[in-house]
Amino acid sequence: MPSAGGAATPPGDIVVRLEHVVLSFGGGPVLDDVSLQVRRGETKVLLGESGAGKSVLMKLVLGLLRPDRGRVWVFDQEVSAMKEQALYDLRRKIGMTFQESALFDSLSVRDNVAYRLEEDGVLTPEAMDERVRTCLSFVNLDAVMDKMPAELSGGMRHRVSIARALATSPEIMLYDSPTGGLDPETATTIMDLIIKLRDCNHVTALLATHRLQDGYLLATHAWDDATQTARWAAEGARHTSFLLLRQGRAIFDGSAAELRRDADPYVREFLS
Amino acid sequence: MADRTLGAPPPDSALSQALKQWLFSFQEFWLLTAQAFRNIAATPFYAADTFLQMDSIGVGSLPIVVLTGFFTGAVMALQLSATLTEYGQIDRLGQLVSLSLVLELGPVLSALMIGARNASGMASELGSMVVTEQIDAMRALGTDPVKKLVTPRLIATIVMTFFLTLIADMCGIVGGWVYAVMGIHMNGALYWFSAFRILDASSMIQGLIKPLIFGGIIATVGCYYGMKARGGTQGVGRATTQAVVLASLLIIISDFLLSRLLVGILGT
Ligand SMILES: Nc1ncnc2c1ncn2[C@@H]1O[C@H](COP(=O)(O)OP(=O)(O)OP(=O)(O)O)[C@@H](O)[C@H]1O
Ligand SMILES: [Mg+2]
């Protein structure tokens, strides 16, 4: 990676890398010797039951938590060795949606989505409003701009948090259970959006879910610009890979086809 | 976890655990405080957040500070007047009331009231942001929560405690005057004359440095307990209580230490 030359890394390069990461909160390890790599433009689906360590892994990538052992790299920077102050700049290139939305409840929906734009202070208020409206319409929520988070349903809050993460068009997205608690129709809308970001904007992503069908949807569909929908296409598989976590250990890492063929009894049980 | 094989654990393990925990918290507290102060000069400066906090702390605490000051002054006049009359010194009532208010009661009682209201408010507000992952979300969005949340509260509390203490002092002297005139039919002008003549530079400086320190204590303790809240709503409740208790204790203890120090520097 020294030859890669900073931000101008060519496509296909590794953007997120974990090396033998171990993390515990006092008790036993929550993540135990986990390694993974995500290439530029790829979406890595983190599968695993509740408590497997998916959310913790995402927070490690952002440097919100620090590993006890092992190293975490994002772009060409070693997140696990960086000071908190230095991380703030790096995090501005990464968007994360939290499992429980984590919207700022003292700010309106508009101000939540515009949060990072206002911090950057580059756009005029009109341009900011425009951008907020675009992001909210991505998630079918144009109507709630002036509401407070407390007035929204859980699913709506979740979609606002996706809009907030998208506002500055980050190069890396971390989706923590993006379809959790959503009705099937909205869940499909969200998954279509994720596919669109992957195929049109070439966003590199980590997606945590315990719903296998979300992962398969990513692996079997691609964005079709002509019809503006995600349609069945084999090339989806090229940009999607899977990591299966079981009690903090990575027990499978590979493509959808490999996942279907894997003989490990736990993998088979998880798939069934 | 593992090595419990050597029979009984060493007898001091619980104690040393607690001590270690305490030292760790102490260090964490000072780190947060240092960081919050360092951010005062750093960019970006969150002016809007600071004014919002000033409004909520200052305007919100005004009624309780006014009432506390007024009735403290009045009750002092009430209690002192009997003794002073007995010794034929009733014309000194104004100076006793104003001096004890400016030096001690004004700063301490205002700080205790402001602390009860705002240290708890800060601990519960920041605490709920921690347990609902809003602090993590803020960090994820590239904002330093100390800069955005703690420093504005620190500045606002210091500035507002200062001015609220001035108001409390004033209300207290007025309260004493009201009792002196209405309760014991003293000459109002005499009261005011003695109340203001006694206030020299040294006692004014003492009385005005204290609220700055107390304001710092209220904000840092409140924010510290908020930021380290863990374990859901229960944890937030605990943090809130602890913040008020510790802030009040520190105000009273530091009042003694400050008085000793300032008397040493300024003379009496
Ligand atoms: N702050 C924390 N303190 C202590 N333990 C934690 C903390 N965060 C997570 N854990 C533990 O780490 C393990 C993994 O948690 P994590 O939230 O990553 O699970 P998950 O895979 O995201 O599950 P879900 O699908 O339910 O979201 C759990 O056993 C949890 O108890
Ligand atoms: Mg989770």
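For the record, the sequence lines run as chains A and B.
First residue of the first sequence? That's 4 in this note's numbering, and the numbers climb one at a time after it.
First residue of the second sequence? That's 1271 in this note's numbering, and the numbers climb one at a time after it.
From the three backbone atoms N, C-alpha and C, an ideal C-beta is built for every residue, glycine too.
These numbers come from a predicted model, not from an experiment.
Rounded to the nearest angstrom, how far is the Cβ of Gly183/A from that of Gln102/A, given a contact under 8 Å? Between Gln102/A and Gly183/A the Cβ distance is about 6 Å, and since that is below 8 Å, they are a contact.
Should Ala168/A be listed as close to ligand 2, given that the test is whether its C-beta is under 7 Å from any heavy atom? Outside the cutoff, so no.
Excluding five sequence neighbours on each side, which residues of the same chain lie with their C-beta closer than 8 Å to the C-beta of Arg160/A? If we look at Arg160/A and ignore the five residues flanking it on each side, its Cβ neighbours are Ser104, Leu106 and Pro152.
Quick check: the Cα distance between Val1372/B and Pro1333/B, rounded to an integer number of angstroms? One C-alpha to the other measures close to 19 Å.
Within the same chain, show all residues whose beta-carbon is closer than 8 Å to that of Cys1493/B, passing over the 5 residues directly before and after it, in chain order. Within the same chain, and ignoring the five residues on either side of Cys1493/B in sequence, the residues whose Cβ sits closer than 8 Å to its Cβ are Leu1302, Ala1306, Met1392, Ala1393, Leu1396, Leu1419, Val1420, Arg1423 and Leu1424.
Partners in chain B for Tyr178/A, counting only beta-carbon separations shorter than 9 Å: Under the 9 Å cutoff, chain B gives no residues; its nearest Cβ is about 13 Å from Tyr178/A.
Output the boundary residues of the alpha helix (DSSP H) element that contains Phe1432/B. Looking at the DSSP string, the run of the alpha helix (DSSP H) that includes Phe1432/B is Thr1421 to Met1452.
So is the beta-carbon of Ser164/A under 7 Å away from any non-hydrogen atom of ligand 1? At a threshold of 7 Å, Ser164/A does not count as near ligand 1, since its beta carbon sits no closer than that to any of the ligand's heavy atoms.
Local conformation of Pro32/A per DSSP, three classes: Note: Pro32/A maps to strand in three-state DSSP.
Can you grab the Cα-Cα spacing for the pair Ser83/A / Asp179/A, in whole Å? Using only the alpha carbons, I get a separation of about 20 Å.
Whole-angstrom distance between Asp1439/B and Leu90/A, CA atom to CA atom: One C-alpha to the other measures close to 47 Å.
Boundaries of the alpha helix (DSSP H) in which Met131/A is found, first to last residue: Start and end: Pro128 to Phe141.
Selected residue, minimal CA-CA separation from Val1401/B, among Ala55/A, Ala168/A and Asp108/A: The shortest C-alpha separation from Val1401/B is found at Asp108/A.
Residue interval of the beta strand (DSSP E) (run including Phe245/A): Where Phe245/A is concerned, the enclosing beta strand (DSSP E) stretches over Thr243 to Arg249.
Closest Cβ-Cβ distance between Phe28/A and chain B: below 8 Å? Under the 8 Å criterion on CB atoms, Phe28/A is classed as non-interfacial with respect to chain B.
Can you give the beta carbon distance from Asp36/A to Val25/A, rounded, assuming they're within the 8 Å contact cut? With a Cβ gap of about 6 Å, Asp36/A and Val25/A count as contacting.
Hey, how far is the Cα of Leu1363/B from the Cα of Ser1370/B? In this model, Leu1363/B and Ser1370/B are separated by some 11 Å (Cα to Cα).
Length of the line joining the Cα atoms of Arg94/A and Ser1524/B: Rounded to the nearest angstrom, the two C-alpha atoms are 41 Å apart.
8 Å Cβ cutoff, Met194/A in contact with chain B: Taking Cβ atoms only, chain B never reaches closer than 8 Å to Met194/A, which makes this a no.
Glu122/A by DSSP, collapsed to three states: which one? Three-state DSSP puts Glu122/A in a helix.
Using the beta-carbon count (16 or more within 10 Å), is Trp226/A buried or exposed? Buried: at least 16 other Cβ atoms inside 10 Å.
How far does the beta strand (DSSP E) with Ile1455/B in it extend, from its first residue to its last? Here the sequence assigns His to residue 1455/B, which means Ile is not the residue at that position. Run containing His1455/B: none; DSSP gives neither H nor E here.
Where does Gln88/A fall in DSSP's three states? Three-state DSSP puts Gln88/A in a helix.
Chain-ordered residues of the segment 1389–1416 of chain B with a beta carbon less than 7 Å from chain A: The segment 1389–1416 of chain B vs chain A, Cβ under 7 Å: Thr1402, Glu1403, Gln1404, Asp1406, Ala1407, Arg1409, Ala1410, Leu1411, Gly1412, Thr1413 and Asp1414.
Apart from the five residues just before and just after Ser1331/B, which ones in its own chain have a Cβ nearer than 8 Å to its Cβ? Closer than 8 Å at the Cβ level, and outside the excluded window around Ser1331/B, lie Met1383, Ile1384, Arg1387, Asn1388, Met1430 and Leu1434.
Neighbour-count burial assignment, Val1329/B, 16 or more Cβ in a 10 Å radius: The residue is exposed, with fewer than 16 neighbouring Cβ atoms inside 10 Å.
Alpha carbons only, please: which of Asp16/A, His242/A, Arg214/A and Ser53/A is nearest the one belonging to Ala285/A? Because chain A in this structure spans residues 4 to 275, residue 285/A falls outside the shown range and cannot be described.
Would you say the beta carbon of Ser58/A is closer than 7 Å to some non-hydrogen atom of ligand 1? The answer is yes for Ser58/A.
Beta carbon of Leu185/A nearer than 8 Å to that of Met61/A: Not in contact: Leu185/A and Met61/A (Cβ atoms no closer than 8 Å).
Under 8 Å between C-beta atoms, does Phe101/A make it to chain B? Yes, its Cβ sits closer than 8 Å to a Cβ of chain B.
Short-range partners of chain B found in the segment 231–259 of chain A, where Cβ spacing is below 7 Å: Of all residues in the segment 231–259 of chain A, none has a Cβ within less than 7 Å of some Cβ in chain B.
Hey, does Ala10/A have any beta-carbon neighbour from chain B nearer than 8 Å? The predicted position of Ala10/A is uncertain, since its pLDDT is 41 and thus under 50; no value can be drawn from it.
Measure the C-alpha to C-alpha separation of Val1514/B and Ser1390/B and round it to an integer number of angstroms. Taking C-alpha positions only, Val1514/B is separated from Ser1390/B by approximately 6 Å.
Assuming Arg43/A is part of the beta strand (DSSP E), what are its boundary residues? In this chain, Arg43/A is not harboured by any beta strand (DSSP E), its DSSP state being neither H nor E.
Between the beta-carbon of Leu262/A and the beta-carbon of Phe245/A, is there less than 8 Å? The answer is yes: Cβ separation under 8 Å.
Closest to Asp16/A by CA distance: which of Thr137/A, His23/A and Trp76/A is it? Asp16/A has its Cα closest to that of Trp76/A, out of Thr137/A, His23/A and Trp76/A.
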